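Notes follow the structure.
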Ligand SMILES: [Zn+2]
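As structure tokens, this is what we get:
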């Protein structure tokens, strides 16, 4: 059981988190033609990096969607970035 | 073999006599005994039969490394299978039975299997029972193999307590090194946990009984214990650290009595010092599995801890420096001791039911016990769990810790520091974070490893009956990879996980293949280090706590109204009412609704608020249907899709105001829909302009449906004009009833006039009672989900996940317009135009009218006559009390073009006939819903 | 089509009290009353609320306070009455949730020990949010005193929470466990 850091809540048990997606995918603009290949890549392509990887995770209790960098071999968490505008 | 209890010595309490039975014979032991020490003290030689050949076996080890002494134990609380005799405390009234032996260990009717041993070699099962079919032989083989059996009187209430904990430092092992380290760290102010799997601290100190730092072992241990606890350290005895998991999580199993489930600690420790000690390696020689042949360490443990001398005439077969001092210790205890050095020539034991003699070349000694040691093997399972590396040490002929895993260091014998003074210095230095460099050890040995090609049978793995010859066979058949060797011979796959057999097995393969042991490599070490009951993992999450259902605010009202409750989409809901068979009740309630009306608890329907300046655009984006044209006071049915275009949920959207919507998701799906909305809100939209509140739990919803629904609802005296003109279908009103907020909507899942009325949950009982009282004289009574299922199927209304699957898109259900006409983007829009989505052979929703009086089985396949290819399935099927014939819904390839076709269906060997029809079986014009 | 009524305990009475010992220390579980709960979301809600904001391990006062749930969400406990919906002026989303939750008080020297049966919640690990999983159920967990805690579950999961708490209490104190209505 890992301890993962939520950018808002701090360290919490792995069971409170869901993996959402790898980073780097942007929804194609569907008001224009989107080729089948491009749409399929958006839906299904995964890089499954061995080693350092950047992923989108959700902390379920506070619903924070954030970016987590981690090492998929050692399971070390390297850092998180919030996707939210921080209060000024 | 003839073990004897000495009149003094050991840690046992001779004043506390404990009576027990072993294989029907009554015996006694003392407080502090294990099952194994008590049996040895009673002179018991044979404690069980081996797994494959049913050879007689005796106690081999002194603790967790024991391969043979596995028992079924019955206590006053019930029976337990597979109890390890060397680590389990003896308790009064225990009835102990050997396993793999019938009628008892001394006289085993299957003992003759050993005569067939030439045929029972490695891979025997694979080679012999493949033809004609393994499954013919499997039941017989499973009966003969295996360990204890489950008895009908299993211990009840065997539920593990589970605790989350954290500390600065975990010390694994309460021997000299562990105690010294824990004391030093605790004095520095660290929060320290020390775990020891014996119920007494001190580890190996009692074997030789030598003074330590000027004190008797018991006094030294007591002083360390007091110092640790004074400094705030926590000591858990009878506790095994059985695994290391991600991010420095340690699994600890704390045992009290054998018939009480252990406590699981999930301990997060910043640092760990591994002081798990070392165990003896067996010497591989002819007939080395005979009862009476034990590890040297075990012989000394039984003497030092339990006051048991394991034999009268003892041969010590050891290749190292400890042999002579051990001989002196055992002689002092009254044994006649002879010394053999296995490095000086091949050994062979003889005897049938126990060892009688040990031979080396021309020398032979008549003995009743052999204590063997080919050196010490550090216990490094946790080290490997944590990702630590190992290195092969030629001089000590064992693996020692190499590169350390993060947050862990090994100390004492676990680190190959076998000299006590050095171990203490190392432990204290590491505990205080100071450097320490290992000094040269005084523990020297002549490496002694298995020699292939020897005559006679030499056992490598006692528990799984793997001999040196089996390893030779595996090598001849090219199973030389260590992972193949393990699986082909089952070496180290028994419940002792190869604690004693691993290194001899690897060494044998290395010798056979001409490789070094590091080149052969080791298999993976995985938790648990010792067997732990599965109950440890599930803890109290059993019974109702296994997968708890959500409960209705009105549950007690339903119970007192005679509801039969059942699970529907994660909620416990009324299936029907009244003490009568369910199918009959459902038919009757479904008829009642069309004749007069019914009252339904619809509280699980989602109430998910979407608010904020971008709420309209957001709801329009997440829905397949256009929602931005929805006006306040109106509702609209729609679909949420995945990006593949597949239907995720259906539901009704309420527009409360310009910046506020309420999404009424399907009943099992409120949390899933909330999660979907939340992720789209934060990913690709401005989360500061959209807010999603799941208020489902705050509200209870009661639906009144049927021709008399209006009359029943009118009894509430709401200030709402309920007439069809003033309050049409798919609109809603907000008002106040008895000082609480009330929302009333005209929306229907039955095809009848319906009023869906929501109030805060604390007012639900008042609302339900008022409606039930008003309904009773009109013949309008509570209805359950089973009747609702029939009514909605009569109308062709679908249930997501039942009448749709992981491929169904809205246009398969006839909802085609937004796919081609919706002008703005929405979730899943591109997914609706893939080649698969455009396939003319897609499965579409149809009705099926069974030919005959029997409803079609749900799940039946529509099949082609020739090759019986499935081209559709029945998704819902009922007897309809309102059209008086069986009705069904299904998903069928090109279903809408096949109306009127007669099809053949297949289910569990039976065939059926049906005609494809419209999904709507009742009130095709839909007049009743608007009444 | 099965009648599973007998498989599930009927909902516990609101007056139920569980008492027992956790690791030798007394612990008591009872239902707590909170007369108004208001869910409020908005990008500045964490700083704009006038009520004391409670995260973990802060101790909630006796009077009204606000629980910090998310970066942009609080739950006002016994605060002022508010109108449901979108507050255009303050840019806040407001929902009455008074009936949406069930709260348990867990107090006594053994209280934290009971919480440790269900979650790795430690005073040494502060958190900006009181929302977490405990016994596998979503909950709001906060302190109301030195050894007193409030566990707030959704109404639909209160029975599951009660069952989890009573089972955990029973198995960490097999002899001294009591359940009385
Ligand atoms: Zn969080």
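Residue numbers (our numbering), protein chains in the order written: chain R, 79 to 166; chain W, 1322 to 2252; chain P, 133 to 313. Quick reminder that beta carbons are idealized off the backbone N, C-alpha and C, glycines included. Keep in mind it's a predicted model, so treat the numbers as computed, not measured.
Not one heavy atom of ligand 1 sits closer than 7 Å to the Cβ of residue 159 of chain R.
Any Cβ of chain R closer than 8 Å to the Cβ of residue 2151 of chain W would place that residue at the interface, and such an atom is present. Counting along the chain, residue 1807 of chain W sits inside the alpha helix (DSSP H) bounded by residues 1803-1810.
For residue 97 of chain R, the shortest separation between its Cβ and any heavy atom of ligand 1 does not lie below 7 Å. Take the alpha-carbon of residue 121 of chain R and the one of residue 2143 of chain W: they are about 22 Å apart.
Residue-level contact check: residue 1845 of chain W does not touch chain R, since none of the beta carbons of chain R fall below 8 Å from its beta carbon. Residues of chain P with a Cβ closer than 7 Å to the Cβ of residue 97 of chain R do not exist; the shortest Cβ-Cβ separation is about 16 Å. Taking the Cα of residue 2041 of chain W as reference, the smallest distance to any Cα among W/2055, W/2079, W/1384, W/2051 is reached at W/2055. Nearest in C-alpha terms to residue 1407 of chain W, of all of W/2067, W/2234, W/1677, W/1358, is W/1358. For residue 1927 of chain W and residue 2050 of chain W, the gap between their C-alpha atoms comes out near 20 Å. Closer than 8 Å to the CB of residue 1568 of chain W there is at least one CB belonging to chain R. Around the beta carbon of residue 119 of chain R, fewer than 16 other beta carbons sit within 10 angstroms, so the residue counts as exposed. Residue nearest to residue 1777 of chain W within the set W/1669, W/1479, W/1507 is W/1669 (criterion: CA-CA distance).
Within the region 243-276 of chain P, the residues whose Cβ lies closer than 7 Å to any Cβ of chain R are, in chain order, 252, 257, 258, 259, 260, 261, 263, 264, 265, 270. For the pair residue 1585 of chain W and residue 1481 of chain W, the CB atoms are nearer than the 8 Å cut-off.
Taking a cut-off of 8 Å on C-beta distances, the region 1682-1701 of chain W touches the region 1635-1642 of chain W, as three or more cross pairs fall below it. Leaving aside the five residues that flank residue 1626 of chain W on each side, the residues in its chain whose CB is nearer than 7 Å to its CB run, in chain order, 1331, 1332, 1527. Distances between the C-beta of residue 142 of chain R and the heavy atoms of ligand 1 include at least one below 7 Å. Bridge partners of residue 1800 of chain W according to DSSP: none are assigned. In the structure shown, residue 1934 of chain W falls within a coil segment according to DSSP collapsed to helix, strand and coil.
The residue among W/1397, W/1414, W/1859, W/1379 with its C-alpha nearest the C-alpha of residue 1405 of chain W is W/1379. Close partners of residue 178 of chain P in chain W (Cβ separation under 7 Å) are lacking, with about 13 Å as the shortest Cβ gap. In the three-state reduction of the DSSP assignment, residue 2001 of chain W falls in the helix class. Between the region 1892-1908 of chain W and the region 2029-2040 of chain W, the count of C-beta pairs closer than 8 Å stays below three; the two stretches do not touch. According to DSSP, residue pairing for residue 2075 of chain W in a beta bridge involves W/2026.
Per DSSP, the continuous beta strand (DSSP E) segment holding residue 2012 of chain W begins and ends at 2012-2015. When Cβ-Cβ separations below 8 Å define contact, residue 109 of chain R makes contact with chain W.
As DSSP reads the structure, residue 1957 of chain W sits in a beta bridge with W/1974. A contact is defined here as three or more CB-CB pairs under 8 Å, and the region 1511-1518 of chain W meets this definition with respect to the region 1546-1560 of chain W. DSSP places residue 2228 of chain W in no alpha helix (DSSP H) but in the uninterrupted beta strand (DSSP E) bounded by 2223-2228.
Three or more Cβ pairs closer than 8 Å define a contact, and the region 2057-2075 of chain W meets that threshold against the region 1911-1921 of chain W. In summary, the residues of the region 201-217 of chain P whose CB is separated from some CB of chain R by less than 7 Å are 201, 202, 203, in the order they occur in the chain.
For a Cβ distance threshold of 8 Å, nothing in chain R lies close to residue 1705 of chain W: the least Cβ distance comes to about 15 Å. For secondary structure counted as the beta strand (DSSP E) over 3 or more consecutive residues, the region 172-225 of chain P holds these complete runs in sequence order: 197-202, 205-209, 217-219. Residue 86 of chain R has its CB nearer than 7 Å to a heavy atom of ligand 1. Taking C-beta atoms as the reference points, residue 1857 of chain W and residue 1922 of chain W fail to come closer than 8 Å.
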